[in-house]
Structure formats: C-alpha cells, structure tokens
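Everything on this sheet refers to the single structure shown next.
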Amino acid sequence: MVIHQLPKTPDTLWLRLLGRGKIQQQAVEEILSLPNDDPRRFQTLNLLITWRITMRVEDLDEEDQISFMAINQAYLQWEREIIERGKQEGRQEGTQMGQRLVVENLLKARFGEMDDRLTTLIPTILTFSAEEYTPLLLQLSREQLLDRFQGQSE
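Set out below in structure tokens:
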C-alpha cells in the first residue's frame, strides 16, 4: 500500500497520518477541521500529542521536521481549545454558584436561618431568570414561596 496514493476520505485518515510530508500535514489539517465534539478529533489529537512528546526534533530529517511542525500546530490549537473550554466551564460554574448565593442570601435576609424546606426550593428557583425570581423572593411570604415552588421541585 502506498500511503500518498490513498484517496482523501475519512476512512483513510488514520493511514494518511502515518504518511510523510504534505500527506501527513493534510491529514493533520483534516483532523483540526473536524468539529470539536467529534470523538475522532479528540482521540487523534491525543495520540498525536503523545507522539509529539516522545519525539525529538533533532532526530528527524527535514521532511519529518515539517510534519512534526504540523503536529506541533495541532497540539497548540488543541491546547488553546482545552484552556478556553476550561475557562468557559469555570465562568459558567462561577455564575451558577453566584446566583445560588444570591438566592440563599435573599432567603436568609427575609426569613432568617435556612431550613431544609427552603433549601430544597433553590434549584427550582434558579430555573427562572433573576428578573423573575427576585421580586418573588422579596414579595412572597415563606408559605407562599413554599406553595409556589415546592410542587415544582419534586
């Protein structure tokens, strides 16, 4: 089998990654163009990164160094995507925690100590926007809040 003569199809992608020079570089570019949620993208980048870590650039000939640079670019892009995804998840989690604290503090300010019944309402309350739940928390009595949200949280 001659790798550089393989058709450029998803079925031959893994084999073309074993090629050299432009063939391998094009295969790496195809991997990078896969959607972020495609499992083949993550699996292949993971293997390429492992290979990159074990290779030493000075042991490669010029053509392999070019391929190595393409893989290095794939690694750098993957690393940026992972960092950005982590930041995004962190922001989302921080926002959710902040909203939960606001609801808890509003309930404590209105009704004193939090009991189990009020605590169980929080996830349901958080399904509403702040514009929707804030007036309710400020205006409704404890019993009205329990009546309004308890049925929804079960």
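Okay, so the sequence shown: first residue is 103 according to the numbering used here, each after it adds one.
C-beta atoms are modelled at their ideal positions from N, C-alpha and C, and glycine is treated no differently.
Check your understanding: Would L239 be called buried (16 or more neighbouring beta carbons within 10 Å of its own) or exposed?
Key -> Within the sequence shown, the letter at position 137 stands for residue 239. With 16 or more Cβ atoms within 10 Å of its Cβ, L239 is classed as buried.
Check your understanding: Just the Cα atoms here: how many angstroms apart are T221 and F213?
Key -> For this step, residue 221 is matched to residue 119 along the sequence shown. For this step, residue 213 is matched to residue 111 along the sequence shown. Computed Cα separation, rounded: 12 angstroms.
Practice item. Have a look at D113 and P237 and give me their C-alpha separation to the nearest angstrom. Key: As a first step, residue 113 must be located in the sequence shown, where it is residue number 11. As a first step, residue 237 must be located in the sequence shown, where it is residue number 135. Their Cα atoms are separated by approximately 57 angstroms.
Practice item. Sort D166, E165, R118, Q179 by Cα distance to L147 and report the nearest one. Key: As a position in the sequence shown, residue 147 is number 45, starting the count at 1. Nearest of D166, E165, R118, Q179 to L147, Cα basis: Q179.
Practice item. Just mark V130 as buried or exposed, buried being the case when its beta carbon has 16 or more other beta carbons within 10 Å. Key: On the sequence shown, position 28 is the one that residue 130 refers to. Result: buried.
**Study point:** Pair within 8 angstroms by beta-carbon distance, I133 and I105
**Key:** The count along the sequence shown starts at 1 and reaches residue 133 at position 31. The count along the sequence shown starts at 1 and reaches residue 105 at position 3. Against a cut-off of 8 angstroms, the Cβ pair of I105 and I133 comes out as no contact.
Review point. Among the residues of its own chain, which have a CB less than 7 angstroms from the CB of R142, if the five just before and after it don't count?
Key: If you number the sequence shown from 1, residue 142 lands on position 40. Cβ neighbours of R142 beyond the five flanking positions: L136.
Review point. Of the residues F144, L150, G192, K110, which one's Cα is nearest the Cα of N174?
Key: For the purposes of this step, residue 174 is identified with residue 72 of the sequence shown, where counting begins at 1. Checking every option, the nearest Cα to that of N174 belongs to L150.
Review point. Is it true that the CB of E164 sits closer than 8 angstroms to the CB of R122?
Key: As a position in the sequence shown, residue 122 is number 20, starting the count at 1. As a position in the sequence shown, residue 164 is number 62, starting the count at 1. No.
Review point. Would you say Q128 touches the ligand NAP, meaning its beta carbon is less than 7 angstroms from a heavy atom?
Key: With respect to small molecules bound, the structure shown includes none, and the ligand NAP cannot be examined in it.
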